[in-house]
Ligand code: ATP
Ligand code: LTN
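In the working numbering, the protein residues as written are 91 to 426.
Here's what the structure looks like:
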């Protein structure tokens, strides 16, 4: 039988805290949708996570937890390569080479670097600045054609594309130039429930701003009940004028699968109280089976460790091919 070569896809999430429904909607949910069409590589980006302070035991736990969550959300380890970034040393090795074609100015003007440097002023380190180069190495190692992420990662992906093109120009065709896959609608950027002008983020100091994938039903209902809306009382999608309500409508639309127009119709003539309760119940109902499956997987330690071991081996096989090519192109002596 003729072998069909699928295009490759790479994405990752940092094990830097509890995953939010923003991460789920902007990233994981799309991975599940794309996994049949592409040859997929998904990682827990622990090398990225240490660019801000992490507690070692917590990082280890978060990493295992994140991998169980991927599987519980429907990322199929039979179809996709699932692995921990630090298990494949090629990520650091390619980062070094890419560093030599990256200009400091390209990194110091990155929005995320500026934000995180301001938030972690006591720990502005070279890793934080080099974060986007490591991300480019992740993507380029696997010759990924597509990278599904939330809108906040767009600038980093542009750098990955620039570095791929720059390397190809300087040393000859080596890397696939990756395309971002970012949702067109507002699902690409789920906003904080407490302040709809800010993106929902797992490292927000106000836990009322985000819903995590492991929040229980009461917590979910309580957080939605407190969600910031506006002084009007119409449930209508208008992101500029009504950012809070529009964000809740987006969340409801994603978890019900109904169109935004149909979601608005569900609440015609109803007040914000009913609306927020319905959004909360919908999210709690959708998360319950994922939470149950994750709890089961966390107990299946051998099974999960096998997936990660196999994943690292498979990832390494692909990564090594690219890294050897890079080493040859830049002129490293191979002993042959
Ligand atoms: P941190 O707050 O620690 O920086 P984060 O919540 O932004 O973390 P990441 O690990 O940086 O999470 O992101 C994982 C994925 O989730 C990325 O693809 C990112 O674009 C996406 N993502 C993060 N926040 C949102 C959001 N609010 N809406 C949609 N997608 C998001
Ligand atoms: N920086 C990403 C996580 C990440 C990533 C990647 C995403 C690390 N490496 C490669 C896509 C491709 C983030 O979402 N904060």
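Yeah, the Cβ is synthetic: ideal placement off N, Cα and C, and Gly gets one too.
Sorted by chain position, which residues of the same chain lie with C-beta nearer than 6 Å to residue i's C-beta, five sequence neighbours on each side aside?
i           : result
residue 373 : 310 and 345
Throw me the rounded Cβ distance for the residue i and residue j pair, which I believe falls under 8 Å.
i           : j           : result
residue 266 : residue 257 : That pair is no contact at about 11 Å.
residue 290 : residue 110 : 5 Å
residue 283 : residue 314 : 7 Å
residue 274 : residue 325 : Not confirmed; about 22 Å, so no contact.
residue 230 : residue 412 : 7 Å
residue 172 : residue 128 : Not really, about 14 Å apart at Cβ, beyond 8 Å.
residue 445 : residue 286 : This structure cannot settle anything about residue 445, because the visible part of the chain is limited to 91 through 426.
residue 337 : residue 281 : 4 Å
Please classify residue i: is it buried, with 16 or more other beta-carbons within 10 angstroms of its beta-carbon, or exposed?
i           : result
residue 97  : exposed
residue 355 : exposed
residue 157 : buried
residue 113 : buried
residue 395 : exposed
residue 222 : buried
residue 126 : exposed
residue 319 : buried
residue 166 : exposed
residue 393 : exposed
residue 95  : exposed
residue 141 : buried
residue 279 : buried
residue 220 : buried
Below 8 Å, is the gap between the Cβ of residue i and the nearest heavy atom of the ligand ATP?
i           : result
residue 201 : no
residue 289 : yes
residue 208 : no
residue 286 : no
residue 214 : no
residue 238 : yes
residue 391 : no
residue 292 : yes
CB-CB under 7 Å to residue i, same chain, minus the five flanking residues each way: which ones, in chain order?
i           : result
residue 153 : 105, 134, 136 and 174
residue 307 : 374
residue 249 : 196, 222 and 226
residue 139 : 104, 105, 106 and 149
residue 293 : 106 and 107
When every heavy atom of the ligand LTN is checked, does at least one fall within less than 8 Å of the C-beta of residue i?
i           : result
residue 221 : yes
residue 246 : yes
residue 314 : no
residue 243 : yes
residue 104 : yes
residue 228 : yes
residue 177 : no
residue 224 : yes
residue 117 : yes
Apart from the five residues just before and just after residue i, which ones in its own chain have a Cβ nearer than 8 Å to its Cβ?
i           : result
residue 268 : 100, 229, 230, 234, 235, 236, 237, 247, 250, 251 and 254
residue 402 : 173, 174, 177 and 178
Meets three-Cβ-pair contact criterion under 8 Å: the segment 174-189 and the segment 406-422 | yes
Touch check for the segment 181-195 and the segment 142-150: three-plus C-beta pairs under 8 Å?
-> no
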